[in-house]
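Residue numbers (full-length UniProt numbering): 1 to 286. To keep things clear, I will list the structure first and then write my remarks on it.
Shown next, in the form of structure tokens:
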């Protein structure tokens with residue numbers, strides 16, 4: 001069972017939390033966040049699935065797998081009617097963490113999807129029956145068909161924003177798109193627990209820029225994670241090594257930041273009685 005009503009009910013624990021990592025701008029840390037939040041949740045004992053919905057396949061490559069043209073991927077899920085995500089899932093090297101890989105064919109599949117009936121619900125239907133505590137979707141840097149499917153399927157949204165002068169450009173457009181797809185007005189979007197902004201590549205030395213960005217974010221303060229992802233070379237090197245930051249350099253500031261993000265996110269779930277029970281290690285590895 002997949003619910004699209006994330007954190008909305010304080011009295012009911014939903015079976016699967018589906019998180020879309022979205023920003024139409026590139027280079028904001030979407031893939032880094034997908035991999036490391038996913039790894040953080042898996043290491044906490046939660047069955048976690050990463051869905052790579054970017055034709056570039058950075059999450060697929062970044063977690064140590066290949067975009068193998070001989071294997072089925074999210075391209076087939078998005079193009080073949082009634083195709084389940086579970087048919088393309090592969091295990092990663094991290095116990096409790098799985099991946100539904102991307103392939104360049106996904107770009108063509110997205111184009112073909114425009115001819116389908118209920119095309120915005122393809123991914124949501126494909127996720128039915130996915131038995132995971134958390135599903136994290138890495139979205140492409142656009143607001144096209146793949147991102148629309150992610151928004152329709154998800155029940156929570158994380159918006160990584162790089163700390164730079166132009167980092168907030170397009171945020172209003174993204175929020176408007178979220179309203180439209182989720183059927184919310186702006187008040188409902190901000191009053192409910194629908195999204196959080198995550199500040200990435202934060203450099204304390206850039207005082208003037210930081211002050212400017214934080215001032216611009218003041219209207220979104222309650223919808224911004226308190227965790228800051230600092231600029232850290234180990235995060236880049238972990239991508240090259242095709243490992244999570246926890247495996248590449250567990251003592252780095254990047255590992256500490258993503259550990260803090262994982263804990264903050266779980267606390268957000270806990271406050272709304274939406275936190276799944278941790279599974280013993282033997283169950284996580286199944």
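Heads up, the beta-carbon is just placed ideally off N, CA and C, and yes, glycines get one too. This one's a predicted model, so the numbers in the text were calculated from it and none came from an experiment.
Residues that residue 203 bridges to, as DSSP identifies them: Translated into the one-based positions of the chain shown, residue 203 becomes position 203. Looking at the DSSP assignment, residue 203 forms no beta bridge with any residue, so it has no partner.
Reduced DSSP secondary structure (H/G/I, E/B, other) of residue 115: Within the chain shown, the letter at position 115 stands for residue 115. Correct three-state label for residue 115: coil.
Beta-carbon spacing of residue 102, residue 49 below 8 Å: For the purposes of this step, residue 102 is taken as the residue at position 102 of the chain shown. For the purposes of this step, residue 49 is taken as the residue at position 49 of the chain shown. Contact flag unset, no.
Under the three-state DSSP convention, the category residue 282 falls into: Your numbering for residue 282 matches position 282 in the chain shown. Any answer about residue 282 is weak, because its pLDDT of 42 lies below 50 and its placement is not dependable; what the coordinates show is given next. Residue 282 falls in the helix class under three-state DSSP.
Residue range of the unbroken alpha helix (DSSP H) whose run includes residue 149: Reading the chain shown from its first residue, position 149 is the one you call residue 149. Counting along the chain, the alpha helix (DSSP H) containing residue 149 begins and ends at 145-153.
Local Cβ density within 10 Å of residue 104, reported as buried at 16 or more and exposed below that: Start at 1 with the first residue of the chain shown, and residue 104 comes out as number 104. Residue 104 is exposed by the Cβ-count criterion.
CB of residue 261 within 8 Å of CB of residue 225, strictly: Taking the first residue of the chain shown as position 1, residue 261 is located at position 261. Taking the first residue of the chain shown as position 1, residue 225 is located at position 225. Cβ atoms of residue 261 and residue 225: closer than 8 Å.
contact_flag[the segment 237-245, the segment 210-226] where n(CB pairs < 8 Å) is 3 or more: no
Boundaries (first-last residue) of the beta strand (DSSP E) holding residue 135: Counting from 1 along the chain shown, the entry for residue 135 is found at position 135. Looking at the DSSP string, the run of the beta strand (DSSP E) that includes residue 135 is 134-138.
Residue 278 versus residue 208 - alpha carbon distance: Mapped onto the chain shown, residue 278 falls at position 278. Mapped onto the chain shown, residue 208 falls at position 208. Each residue's alpha carbon lies about 42 Å from the other.
Of the residues 88, 138, 189 and 70, the one placed nearest residue 178, counting alpha carbons only: Within the chain shown, residue 178 is the residue found at index 178, counting from 1. Nearest of 88, 138, 189 and 70 to residue 178, Cα basis: 189.
Cβ-Cβ distance between residue 123 and residue 155 below 8 Å: Counting from 1 along the chain shown, the entry for residue 123 is found at position 123. Counting from 1 along the chain shown, the entry for residue 155 is found at position 155. Contact flag unset, no.
Range of the contiguous alpha helix (DSSP H) that encloses residue 227: By 1-based counting over the chain shown, the position of residue 227 is 227. Element bounds for residue 227: not the alpha helix (DSSP H) but the beta strand (DSSP E), 224-230.
CA-to-CA distance, residue 33 to residue 60, given in whole angstroms: Counting from 1 along the chain shown, the entry for residue 60 is found at position 60. Counting from 1 along the chain shown, the entry for residue 33 is found at position 33. For residue 60 and residue 33, the distance between alpha carbons rounds to 13 Å.
For residue 31 and residue 234, the rounded distance between their alpha carbons: Working through the chain shown from its first residue, we reach residue 234 at position 234. Working through the chain shown from its first residue, we reach residue 31 at position 31. Distance between the alpha carbons of residue 234 and residue 31: 15 Å.
Residue 297 classed as buried or exposed, judged by whether at least 16 other C-beta atoms fall within 10 angstroms: This structure does not reach residue 297, given that the chain is present from 1 up to 286, and the question cannot be answered.
Close-in-space but distant-in-sequence residues of the same chain around residue 223 (CB under 7 Å, 5 per side omitted): If you number the chain shown from 1, residue 223 lands on position 223. Closer than 7 Å at Cβ, skipping near neighbours: 190, 195, 196 and 197.
Meets three-Cβ-pair contact criterion under 8 Å: the segment 113-122 and the segment 41-56: no
Minimum length 3: unbroken beta strand (DSSP E) runs contained in the segment 11-55: 17-21 and 48-52
Short Cβ contact (8 Å threshold) for residue 126 with residue 77: Taking the chain shown and counting its residues from 1, one reaches residue 126 at position 126. Taking the chain shown and counting its residues from 1, one reaches residue 77 at position 77. Yes, the pair counts as a contact, with Cβ atoms nearer than the cut-off.
Cα-Cα separation between residue 259 and residue 273, rounded to whole angstroms: Residue numbering aside, residue 259 sits at position 259 when the chain shown is read from its first letter. Residue numbering aside, residue 273 sits at position 273 when the chain shown is read from its first letter. Rounded to the nearest angstrom, the two C-alpha atoms are 21 Å apart.
Rounded distance between the beta-carbons of residue 265 and residue 37, thought under 8 Å: Within the chain shown, the letter at position 37 stands for residue 37. Within the chain shown, the letter at position 265 stands for residue 265. Their Cβ separation, rounded to whole angstroms, is 7 Å, which keeps residue 37 and residue 265 in contact under 8 Å.
Residue of 47, 133 and 204 minimising C-alpha distance to residue 92: Walking along the chain shown from the start, residue 92 turns up at place 92. Nearest of 47, 133 and 204 to residue 92, Cα basis: 47.
Helix, strand or coil at residue 90 according to DSSP, with G and I counted as helix: For the purposes of this step, residue 90 is taken as the residue at position 90 of the chain shown. Strand, per DSSP.
Counted within 10 angstroms of its Cβ, other Cβ atoms place residue 140 as buried (16 or more) or exposed: The sequence position of residue 140 within the chain shown is 140, counting from 1. By the 10 Å Cβ count, residue 140 comes out buried.
The beta strand (DSSP E) enclosing residue 275, as first and last residue numbers: As a first step, residue 275 is located in the chain shown; it is residue number 275 there, counting from the start. Looking at the DSSP string, residue 275 is not in any beta strand (DSSP E), and its letter there is neither H nor E.
Residues near residue 144 in its chain [Cβ-Cβ closer than 7 Å; skip 5 each side]: In the chain shown, the residue the question calls residue 144 occupies position 144. Cβ within range, chain order: 110.
Near the ligand GDP: residue 126 beta-carbon under 7 Å from a heavy atom: Among the ligands in the structure shown, none appear at all, so the ligand GDP cannot be discussed.
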